[in-house]
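Line by line, the protein sequences give chains A and B. Take any residue in the first sequence, note its place counting from 1, add 1, and you have its number in my numbering. Take any residue in the second sequence, note its place counting from 1, add 25, and you have its number in my numbering. Working notes for the structure below.
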Amino acid sequence: MKSFVGRVRVMPRAGLVDPQGHAVEHALGALGFAGVSRVRVGRTFEISVEADSEQQVRERLREMCEKLVANPVTEDFTIDTVETAP
Amino acid sequence: MKVAVVRFPGSNCDADALNAAQLAGHDAYFVWHRSADLGGADAVILPGGFSYGDHLRCGAIARFSPVMKSVAAHAKAGGSLIGICNGFQILCEAHLLPGQLVRNEKLSFVCKLVTLRVENDQTPFTNRYSVGKELRMPVAHGDGRYVADEATLDMLERDGRVVFRYVGGNPNGAMRDIAGIRNAEGNVVGMMPHPERVVEPILGSTDGLAMFALAGIPAGVS
Chain A
2 MKSFVGRVRV MPRAGLVDPQ GHAVEHALGA LGFAGVSRVR VGRTFEISVE
52 ADSEQQVRER LREMCEKLVA NPVTEDFTID TVETAP
Chain B
26 MKVAVVRFPG SNCDADALNA AQLAGHDAYF VWHRSADLGG ADAVILPGGF
76 SYGDHLRCGA IARFSPVMKS VAAHAKAGGS LIGICNGFQI LCEAHLLPGQ
126 LVRNEKLSFV CKLVTLRVEN DQTPFTNRYS VGKELRMPVA HGDGRYVADE
176 ATLDMLERDG RVVFRYVGGN PNGAMRDIAG IRNAEGNVVG MMPHPERVVE
226 PILGSTDGLA MFALAGIPAG VS
């Protein structure tokens, strides 16, 4: 068994209204940042897992996302990276 | 009737729900979320509040409380079950109802009286109302915007599963002005507004009391 850290990104589904993203977008405009055309707000999870291989970690992260970490009704998830823990 | 009011850490409308059920003449009692025993309840109420601090998503963690297995079994056996506000969020996260409640469109917490139209009377909680009846009830939530994909929304409309709709103003941006829905069988209802807060004249209205009458429900299925 090895230690891994997986980074999972959960974003509001494209096409759904993202009120938080809109609020940040407006606030950036108010601060004088020109040219910001769109902001979407999601979140990142760092999940440390003991497993035999990176492949196994990815499979388990996917299952975690499907069952809890993301809500499939409104969110999409991406497994960004899986690294061996230092 | 025996009515179980489930308490999660962070429930805050549990006493109001108990009071409403008692006013309607029921033997109502609390069930702690760690218990899997609903006490032979005829009906179960998941009350409002902020279970588990709304961590991850509203209702997402409460779904894993030991009591929820019993609540799901109660529902599958045809037992009457209502989730109010946070209770509705839990029912969606537990897949006992379709869709999800997400952050209000305008991001702010809304706490005010709204007008609802009864859209379906084929549930144990709305069978004392007639379709089209308008009710005044408070809402108090930050994440009450009902969202589902178009196919699900069309199915809910087609099958008469939209139970309440906001009229004269949608407080949270809910799709199709949906304030409450039911499952296919009709024994499970979820709604964002708070009927338990309008059950006595001193509270300003009694529009919600009939929801707790529970006339003609199957007894003791749990």
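Ideal placement from N, C-alpha and C gives every residue a C-beta, glycine not left out.
query: A85 (chain B) burial status per 10 Å Cβ neighbour count (16 or more: buried); result: buried
query: Under 9 Å (Cβ pairs) to chain A, residues found in the stretch 109 to 139 of chain B; result: C117, E118, P123, G124, Q125, V127, R128, N129, E130, K131 and L132
query: Proximity test, Cβ basis, 8 Å: T75 (chain A) and chain B; result: yes
query: Reduced DSSP secondary structure (H/G/I, E/B, other) of P72 (chain B); result: coil
query: Residue from B:V30, B:E225, B:D232 and B:G198 whose Cα sits closest to the Cα of S105 (chain B); result: B:V30
query: Proximal chain B residues relative to V18 (chain A), where beta-carbon distance stays under 8 Å; result: E130 and G198
query: Per-residue contacts from V172 (chain B) into chain A (C-beta, under 8 Å); result: L17, V74 and T75
query: Cβ pair count under 8 Å reaching 3, the stretch 107 to 120 of chain B against the stretch 211 to 227 of chain B; result: yes
query: N- and C-terminal bounds of the beta strand (DSSP E) containing F5 (chain A); result: K3 to P13
query: Backbone secondary structure at E47 (chain A) - three-state DSSP; result: strand
query: One or two residues paired with Q56 (chain A) in a DSSP bridge; result: Partner(s): none; Q56 (chain A) has no beta bridge.
query: Where the stretch 81 to 104 of chain B meets chain A: residues whose CB sits under 8 Å from a CB there; result: L81, R82 and A85
query: Nearest-angstrom Cα separation, counted from D174 (chain B) out to L234 (chain B); result: 32 Å
query: Alpha helix (DSSP H) runs contained entirely in the stretch 105 to 145 of chain B, provided each spans 4 or more residues; result: 111 to 118
query: Close-in-space but distant-in-sequence residues of the same chain around G193 (chain B) (CB under 7 Å, 5 per side omitted); result: T140
query: Rounded straight-line distance, which links the Cα of S4 (chain A) to that of D168 (chain B); result: 37 Å
query: Meets three-Cβ-pair contact criterion under 8 Å: the stretch 218 to 225 of chain B and the stretch 38 to 45 of chain B; result: yes
query: Under 9 Å from the C-beta of A24 (chain A): neighbouring residues of chain B; result: L132
query: Spatial neighbours of E159 (chain B) in its chain, beta-carbon cut-off 6 Å, leaving aside the 5 residues before and after; result: T140 and R142
query: Top-ranked residue by Cα proximity to N37 (chain B), from B:A238, B:D79 and B:P91; result: B:D79
query: Which listed residue (B:Q147, B:Q125, B:C83 and B:R190) has its alpha carbon closest to that of V172 (chain B); result: B:Q125
query: Cβ neighbour criterion (16 or more within 10 Å) applied to V70 (chain A); result: buried
query: Where the stretch 29 to 43 of chain A meets chain B: residues whose CB sits under 9 Å from a CB there; result: none
query: Closest residue to I242 (chain B) among B:S60, B:C83, B:R153 and B:S95 (Cα-Cα distance); result: B:R153
query: Sub-8 Å separation of A52 (chain A) and R61 (chain A) beta-carbons; result: yes
query: Cα-Cα separation between A240 (chain B) and F89 (chain B), rounded to whole angstroms; result: 31 Å
query: L69 (chain A) at chain B interface by Cβ criterion, 8 Å; result: yes
query: Straight-line gap, G211 (chain B) to A15 (chain A) (C-alpha atoms, nearest Å); result: 32 Å
query: Closer than 8 Å to chain B by CB, Q21 (chain A); result: yes
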